[in-house]
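Accompanying notes for the structure given below.
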Amino acid sequence: MAPEFSVREIPFSRFGAWFGLSPVVGLATYSDDVHLVSHRNGMHPVLSIVPVAGGVRVAASITAEPAKLTWSAGAGQITAAFGSPSTLHIAGHGLGVRISATEPELTPFTGTYLYPDPAGGTVFTSYETGHRFRVTVLSGQERRSGEQQLGTAERLVAAGEDGGPWELVIEEIAASPPPATGLGLSEAVTASAEDFARFADAVAPWRDERTPAAELACYVIWSATVRPAGFITRPAVLMSKHWMDKVWSWDHCFTALALASGAPELAWDQFQVVFDHQDDQGALPDSITHSETLHNFVKPPIHGWALGRLRERFGGEVPDAERTYRQLSAWTRFWLDHRRPPAHPLPYYEHGNDSGWDNATVFREERLVQSADLAAFLVLQLKELARLAAELGDPAQSWDQQADDLLAAMLAQLWDGTRFVSRGVVSGTLRAGSSLLELMPVVLGEHLPPDVFERLCDGIARHLTAVGPATELPASPYYEADGYWRGPVWAPATVLIEDGLRRGGAHDLAEQVSTRFRTTCEKSGFAENFDALTGEGLRDRAYTWTAAAYLLLAEDAEGRR
């Protein structure tokens, strides 16, 4: 049976589409009505979709499934389904619908213009998205208002206001209309359901009653995947089709891992999509989306770790190994050549954003920080480079030696005998705190001295709540329930910690980390992060790296069974 979900938490969309249906119309902003929301050139609610009866708006209950969205009020019903990534079918009986421009004001550079298409249908031209949405009423009563109007006006297409049956289609158009699908609503529902079923069966064939959230996790990822367009050069999983509608250059590693076993080509696209924008110095962008590529920050170099995990899921092979070796080499050299103070062995972050832990308390006093997590990630990356070099016939000793030297420097300069500390680059001050970030070197697993690994395990156990590993100790004076990286539980930290614990031999603790996080997802969905004490989902409520983490941990747990 298809999973149901709240459209207030998870948008209704499909694989490949750049738009969806949702009442979430901006950063933590909810409308009473479902909107057609586009993610081209940012997040834009273009059209409101309002059920009506007797000429007035009616309150309708909304049911969402992967293949269809349904409004119900009394005996009336409206159903929407994607016939293709650019085509939305909507039909109803007993209820009519009004589809109108969200913003009533039209200026020479903003808003939505409405005009009749001489070939049939009515077109909403959206300045903000750079695209058009053609509405064609296929059957039933139709009414239009605001065609060719300038300035402020109500621009709408209505169908079925007389209570009779009706059907329409909305097409996303660039310069010219897409090919007709030839589908009606029922065929669109069937085709969409079959497409999603194929995806879920490929990505999570192991799902059963022990993994009750697996199918919904698959939907979150499937529905957030977009076709190549703009700066997105290949099929890509956005972090969300709410307001976090980008690909950040460490998030993509987790979606790649979740897809690797069942959809290896799509998984490799996720790994490569940010490397398509690697600069001449080897740096990866902070993020990419349809209309922008940001380079003002970077993200942590977890790509060597991720490549090692991908290799396991790909049966030991690395696709396009020579190119991958060049990319990973350049990304590593960026950190070693451009992010180390002169004559100093340890690299640094320029801001918390570089670490991915934007406001973690490690960066409270200073932003330019040498922290042990960064060195740890680079050690793993250097070791993966050594492995690739050996396979390609290049000398591997240099990479191995750099890994050993960096690990030795990390232990000598940032391990105080009981815990890891961080160093302010400008002041030289060493600081210790209560952020989980200071325990992330556990990702080194078997490469750590046993006493260091044991101390890190003790620290992680203190951070572990019933929800998962809290990013700031709940007893800390800086702990905030909804403090972003100052308390809530996050998927990427959980996955990295769980992997390091297992590789280091702390299997019982790793099992607790995995089980508690999976249980949280099963209760609270796939939010951007979770309250570390209550498990409540926080911030963006349809986050793909959270869904990916659930699938990854669940797949591994099923494999161990």
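Per this note's numbering: the sequence shown = residues 1 to 561.
Positions of the beta carbon are idealized from the N, C-alpha and C atoms, including for glycine.
Alpha carbon of Leu-29 to alpha carbon of Ala-59, nearest angstrom: Taking the sequence shown and counting its residues from 1, the one referred to as residue 29 is at position 29. Taking the sequence shown and counting its residues from 1, the one referred to as residue 59 is at position 59. Correcting the residue type first, residue 29 is Thr in the shown sequence and not Leu. Each residue's alpha carbon lies about 19 Å from the other.
Is it right to say Asp-162 is buried, meaning 16 or more other beta carbons lie within 10 angstroms of its own, or is it exposed? Residue mapping note: residue 162 aligns to position 162 of the sequence shown, counting from 1. Flag for Asp-162 reads exposed.
Continuous alpha helix (DSSP H) assignments of at least 4 residues falling wholly in the segment 241-314: 251-260, 264-272, 303-313
Quick check: the segment 404-417 against the segment 343-352, are at least 3 beta-carbon pairs closer than 8 Å? yes
What is the rounded straight-line gap between the Cα of Ala-306 and the Cα of Ala-193? On the sequence shown, residue 306 is found 306 positions in, with the first residue counted as 1. On the sequence shown, residue 193 is found 193 positions in, with the first residue counted as 1. The alpha-carbon atoms of Ala-306 and Ala-193 are separated by roughly 31 Å.
Could you tell me the boundaries of the beta strand (DSSP E) in which His-351 lies? In the sequence shown, counting from the first residue as 1, residue 351 sits at position 351. Here His-351 belongs to no beta strand (DSSP E), and DSSP marks it neither H nor E.
By a C-beta neighbour count over all protein chains shown, 10 Å radius and 16 as the cutoff for buried, is Val-135 buried or exposed? Indexing the sequence shown from 1 puts residue 135 at position 135. Of the residues assessed, Val-135 falls on the buried side of the cut-off, its CB having 16 or more other CB atoms within 10 angstroms.
Check the C-beta distance from Val-513 over to Leu-501 and give it rounded, since I have them as a contact under 8 Å. Mapped onto the sequence shown, residue 513 falls at position 513. Mapped onto the sequence shown, residue 501 falls at position 501. Yes, Val-513 and Leu-501 are in contact; Cβ-Cβ is about 7 Å, under 8 Å.
Could you give the C-beta distance for Leu-473 and His-463, rounded to a whole number, given that I count them as a contact under 8 Å? Here residue 473 is taken as the residue at index 473 of the sequence shown, counted from 1. Here residue 463 is taken as the residue at index 463 of the sequence shown, counted from 1. Correct: roughly 6 Å between the Cβ atoms.
Can you check DSSP and say which residues form a bridge with Ala-81? On the sequence shown, position 81 is the one that residue 81 refers to. Paired residues: His-89.
Let me confirm a value: Val-247 is counted as buried when at least 16 other C-beta atoms fall within 10 Å, else exposed. Which label applies? Mapped onto the sequence shown, residue 247 falls at position 247. By the 10 Å Cβ count, Val-247 comes out buried.
Using a 10 Å radius around the Cβ and a threshold of 16 neighbouring Cβ atoms, would you call Pro-300 buried or exposed? Position 300 of the sequence shown, counting from 1, holds the residue named residue 300. Pro-300 is buried by the Cβ-count criterion.
Could you compute how far the alpha carbon of Gly-525 sits from the alpha carbon of Arg-155? What you label residue 525 is simply residue 525 of the sequence shown in a count that begins at 1. What you label residue 155 is simply residue 155 of the sequence shown in a count that begins at 1. Between the alpha carbons of Gly-525 and Arg-155 lies a distance of about 37 Å.
Just mark Met-239 as buried or exposed, buried being the case when its beta carbon has 16 or more other beta carbons within 10 Å. Position 239 of the sequence shown, counted from the first residue, corresponds to residue 239. Buried is the call here.
Roughly how many angstroms lie between the CA atoms of Thr-102 and Glu-522, to the nearest whole one? Counting from one through the sequence shown, the residue named residue 102 turns up at place 102. Counting from one through the sequence shown, the residue named residue 522 turns up at place 522. In a straight line, the C-alpha of Thr-102 is about 35 Å away from that of Glu-522.
What residue from Ala-461, His-507, Pro-441, Thr-471 has the CA that sits closest to Ala-491's CA? As a position in the sequence shown, residue 491 is number 491, starting the count at 1. Ranking the options by Cα distance to Ala-491, first place goes to Thr-471.
I'd like the ranges of any alpha helix (DSSP H) spanning at least 4 consecutive residues and lying wholly in the segment 504-538. Those alpha helix (DSSP H) runs which fall completely within the segment 504-538 and span 4+ residues are 507-524.
How would you label Arg-561, buried or exposed, when you count the other beta carbons within 10 angstroms and need 16 or more for buried? Mapped onto the sequence shown, residue 561 falls at position 561. Classification for Arg-561: exposed.
Go to Phe-19, then tell me how far its beta strand (DSSP E) extends in each direction, as first and last residue. Here residue 19 refers to the residue found at position 19 when the sequence shown is read from its first residue. That run of the beta strand (DSSP E) goes 19-26.
Assumed close pair Gly-352, Phe-334 - CB separation to whole angstroms, cut-off 8 Å: Position 352 of the sequence shown, counting from 1, holds the residue named residue 352. Position 334 of the sequence shown, counting from 1, holds the residue named residue 334. Actually they are not in contact, since the Cβ atoms of Gly-352 and Phe-334 sit about 19 Å apart, beyond 8 Å.
Determine the extent of the alpha helix (DSSP H) in which Gly-559 is found, giving its start and end residues. Locating residue 559 in the sequence shown gives position 559, where the first residue counts as 1. DSSP places Gly-559 inside the alpha helix (DSSP H), whose first and last residues are 544-560.
Measuring alpha carbon to alpha carbon, tell me which of Arg-98, Val-237, Ala-73 ends up nearest Arg-144. Within the sequence shown, the letter at position 144 stands for residue 144. The shortest C-alpha separation from Arg-144 is found at Arg-98.
Counting C-beta neighbours from all protein chains within 10 Å, is the total for Ser-427 16 or more, i.e. buried, or is it exposed? Position 427 of the sequence shown, counted from the first residue, corresponds to residue 427. Ser-427 comes out exposed.
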